[in-house]
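**Q**
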Amino acid sequence: MKVYNTYTKRLEDFTPREAGKVSMYVCGMTPYDSMHLGHARAFLVYDMMRRYLEWRGFEVTHIQNVTDVDDKIIRRAHELGVSPCALAERFTAESLEDCDALGIVRAHHYPRVTEHIPEIIDLIQRLLDKGFAYVTPSGSVYFRVRAFDRYGQLSGRDVEDLTDAQARIEADPEKEFRGDFALWKAAKPGEPAWDSPWSQGRPGWHIECSAMSTKYLGAGFDIHGGAIELLFPHHENELAQTEAAADVHPCIRYWLHCGIVTINGQKMSKSLGNFLTVKEALAIAPRNVWRMLLMMTDYRTPVDFSTPDRTGSPQEIARRAVMAKLVPARSAWERVQIAVQRADELIRETGKSGNGETVNTPLTQAVRQRFIEAMDNDFGTPAALAVVFDLIGEMNKVIAQVEERRDDTLLAALAGARATVKELLGVLGFSFEEAVTRRADLAPQLIDLLIRVRQRARQEKQYALADYVRSELAALGVVLEDRKDGTTWRQKT
RNA sequence: GGCGGCGUACCCAAGUGGCUAAGGGGGCGGUCUGCAAAACCGCUAUUCUCCGGUUCGAAUCCGGACGCCGCCUCCA
Numbered sequence: 000m001k002v003y004n005t006y007t008k009r010l011e012d013f014t015p016r017e018a019g020k021v022s023m024y025v026c027g028m029t030p031y032d033s034m035h036l037g038h039a040r041a042f043l044v045y046d047m048m049r050r051y052l053e054w055r056g057f058e059v060t061h062i063q064n065v066t067d068v069d070d071k072i073i074r075r076a077h078e079l080g081v082s083p084c085a086l087a088e089r090f091t092a093e094s095l096e097d098c099d100a101l102g103i104v105r106a107h108h109y110p111r112v113t114e115h116i117p118e119i120i121d122l123i124q125r126l127l128d129k130g131f132a133y134v135t136p137s138g139s140v141y142f143r144v145r146a147f148d149r150y151g152q153l154s155g156r157d158v159e160d161l162t163d164a165q166a167r168i169e170a171d172p173e174k175e176f177r178g179d180f181a182l183w184k185a186a187k188p189g190e191p192a193w194d195s196p197w198s199q200g201r202p203g204w205h206i207e208c209s210a211m212s213t214k215y216l217g218a219g220f221d222i223h224g225g226a227i228e229l230l231f232p233h234h235e236n237e238l239a240q241t242e243a244a245a246d247v248h249p250c251i252r253y254w255l256h257c258g259i260v261t262i263n264g265q266k267m268s269k270s271l272g273n274f275l276t277v278k279e280a281l282a283i284a285p286r287n288v289w290r291m292l293l294m295m296t297d298y299r300t301p302v303d304f305s306t307p308d309r310t311g312s313p314q315e316i317a318r319r320a321v322m323a324k325l326v327p328a329r330s331a332w333e334r335v336q337i338a339v340q341r342a343d344e345l346i347r348e349t350g351k352s353g354n355g356e357t358v359n360t361p362l363t364q365a366v367r368q369r370f371i372e373a374m375d376n377d378f379g380t381p382a383a384l385a386v387v388f389d390l391i392g393e394m395n396k397v398i399a400q401v402e403e404r405r406d407d408t409l410l411a412a413l414a415g416a417r418a419t420v421k422e423l424l425g426v427l428g429f430s431f432e433e434a435v436t437r438r439a440d441l442a443p444q445l446i447d448l449l450i451r452v453r454q455r456a457r458q459e460k461q462y463a464l465a466d467y468v469r470s471e472l473a474a475l476g477v478v479l480e481d482r483k484d485g486t487t488w489r490q491k492t
């Protein structure tokens, strides 16, 4: 198996620290507002990786942090007149629900910063003891970037270079060097604060990830995930802290960064307003369609939604752009669903359950092989999907044959193909239960439709047909009642 | 300005030196059908932004140009 490691900028063989086990830390959420599609993509990507690794037999430990104290939370809590703590709590819960709705498997732990203050303080103390950090007069603690000689290697940056951008950074008189960053921030009035040896204050932005990844996964864990936008400064700083404290290199074996979501080439972000929340997205299309959309693109490539029509608010433009790109994904998922449902019907109808049994045929074995090859190449989901679509094409041919003659050999082949499609798409996180639920949701609407059809038959005095509709519904336990103001129905208990 | 990425058909998108440049969507033609839908078959890139170079052989490697994007201390 090969993965693209951002640290080395190369495809590398994936060899976990411990054979058969994978430890994975994913940069999670800062719960200050609702999740949007951009966040969703990142979580969907690592969900896919986890599912695949598990399917390949690895025992995966998946940790995803919750940065529940930070500047944005404090600012937003003040705006809304609630406590930062309550705000974080609310959006953490909401985001987890959104992830559930997207079919993302929950991480094993969601460690929160506020629950790891002692670990963070210990870590900062260790960095101070080793000379990698210093305390300022106001009681803040900064990381001494120049003391860590690998600083800048992950993101390919030279801190000594006084670039235009760096020259623009306002020089903080408390810092020894402009590139140094806060490990501990002395609290300003009205901010949440904890006791520490240096001041009443709170952790800096990056330290939580170092403290919590080390606590739950130990030094030298396997996969560190997150979106590419976090590469600098977040991951660079995190790496420096973790390795400086642990004296281990590498502390993180593979840095796997996913691409961002853009609208007309611009990053989807809260501040630009060009976003769609997860809830809005799921109202537009079911989760499998979003999965399809994202899995059709390599995880590292940006996913761009664009529309030539640039009128309206950023949000309206975003919505239009997203709708346009949804068409192929929707159709693709429909192709899958139609084939699987038809196979289900044929297998059920002929009494060959095929359930649970995986009938291996040369075809499904070859498909499985090609699927693994695709995925082993840095989680190549587009190629993996192509393999599954090939199988669906073959499956459709078998379906056509079975429709001609109910042959046991053909049915076995069909059962095998169906099981394989479900299994492999399941590895990518698609779920087939949705179709069942959606069908159930449809029932009331269908009954209303039948009532309208019967109404038309009655108007045209085709009473035999009208009665046929009523008696057939009655046989299903649906009782029609004609009243002055229209027809109602109830289900017999 | 620095670092990184991208540019493949009408759209999306694989491809990591050598079988006919995957796959999905769309379009067109056909089979099937009372009509549809679905499905199946065929067509839709002699060429990968452009220009050089390396090589027996390049979408792939190297150099350059152009265009787009991300990061450069809020960000998934």
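With the first letter of the first sequence counted as 1, position 195 gets the number 194 in numbering that gives the first Met the number 0; the numbers rise by one all the way through. Idealized CB from N, CA, C, for every residue including glycine.
1. Just to confirm my understanding: we take I222, look at its own chain, exclude 5 residues before and 5 after, and list those with CB closer than 6 Å. What are they?
2. Hey, W204 and V134 are a contact pair by Cβ (cut 8 Å); roughly how many whole angstroms apart?
3. Give me whichever residues DSSP pairs with D481 in a beta bridge.
4. How should Y31 be labelled, buried or exposed, when 16 other C-beta atoms within 10 angstroms of its C-beta is the threshold for buried?
5. Residues in the same chain with beta-carbon distance under 6 Å from L423, minus the five sequence neighbours each way, listed in chain order, please.
6. Counting along the chain, where does the beta strand (DSSP E) carrying T60 start and finish?
7. Could you tell me if A473 is buried or exposed, where buried requires 16 or more neighbouring beta carbons within 10 angstroms of its beta carbon?
8. May I ask which residues mark the beginning and end of the alpha helix (DSSP H) holding W289?
9. Is the segment 11 to 27 in contact with the segment 67 to 76, if contact means three or more CB pairs nearer than 8 Å?
10. Nearest to R177 by CA position, among R145, N395, K396, S137, is which residue?
11. Would you kindly check if the distance between the Cβ of M394 and the Cβ of A338 is under 8 Å?
12. Look at A342 and I398 and say whether their C-beta atoms are less than 8 Å apart.
13. In this structure, how does DSSP classify G19 when only helix, strand and coil are distinguished?
14. Which residues in the same chain as G19 place their Cβ atom closer than 8 Å to its Cβ, once the five residues preceding and following it in sequence are excluded?
15. From F231 to V158, what distance separates their C-alpha atoms?
16. Using a Cβ distance threshold of 8 Å, determine whether the segment 45 to 54 contacts the segment 97 to 104, with at least three qualifying pairs required.
17. Where does the unbroken alpha helix (DSSP H) through Y462 begin, and where does it stop?
18. Could you please give me the residues that DSSP links to K266 through a beta bridge?
19. Taking the C-alpha atoms as reference points, what is the distance between F180 and V140?
20. Per DSSP, what kind of secondary structure is E190 in: helix, strand or coil?
21. Take I262 and list the residues in its own chain whose beta-carbon comes closer than 6 Å to its own, dropping the five residues that flank it on each side.
22. Candidates D99, E17, S94: which alpha carbon is nearest T60's?
23. From what residue to what residue does the alpha helix (DSSP H) around V401 run?
24. Starting from G224 and walking both ways along the beta strand (DSSP E), at which residues does that stretch end?
25. On the CB-based measure, 16 or more other CB atoms within 10 Å of its CB, does Q63 come out buried or exposed?
26. Give a yes or no on whether the C-beta atoms belonging to V65 and M28 are separated by under 8 Å.
27. For A442, which option in A463, A412, Q458, W488 has the closest C-alpha, if you only look at C-alpha atoms?
28. Could you pull the DSSP bridge partners for L10 from this structure?
29. With DSSP as the reference, identify every bridge partner of F142, one or two as the case may be.
30. Would you identify the three-state DSSP class for F304, choosing helix, strand or coil?
31. For D297, is the classification buried or exposed, using 16 other Cβ atoms within 10 angstroms of its Cβ as the cut-off for buried?
32. Tell me the residue span of the beta strand (DSSP E) that contains P361.
33. For A226 and A41, which I take to be in contact (beta-carbon distance under 8 Å), what is that distance rounded to the nearest angstrom?
**A** By the coordinates alone:
1. M23, Y253, L255
2. Actually they are not in contact, since the Cβ atoms of W204 and V134 sit about 18 Å apart, beyond 8 Å.
3. T486
4. buried
5. F370, V387
6. 58 to 65
7. exposed
8. Boundaries of the alpha helix (DSSP H) harbouring W289: 286 to 294, taken from the DSSP string.
9. Segments in contact, no.
10. Out of R145, N395, K396, S137, R145 has the C-alpha closest to the C-alpha of R177.
11. yes
12. yes
13. Coil at G19, not helix or strand.
14. G56, F57, E58
15. 12 Å
16. yes
17. 462 to 474
18. Assignment of beta-bridge partners to K266 by DSSP yields T261.
19. 8 Å
20. coil
21. N273, F304, A317, A320
22. E17
23. 380 to 403
24. It spans 220 to 226 - the beta strand (DSSP E) in which G224 sits, taken as one unbroken run.
25. By the 10 Å Cβ count, Q63 comes out buried.
26. yes
27. Looking only at A463, A412, Q458, W488, the smallest Cα-Cα distance to A442 is reached by W488.
28. Y3
29. A132, F180
30. strand
31. buried
32. It is not in any beta strand (DSSP E) - P361 instead sits in the alpha helix (DSSP H) that spans 361 to 375.
33. 5 Å
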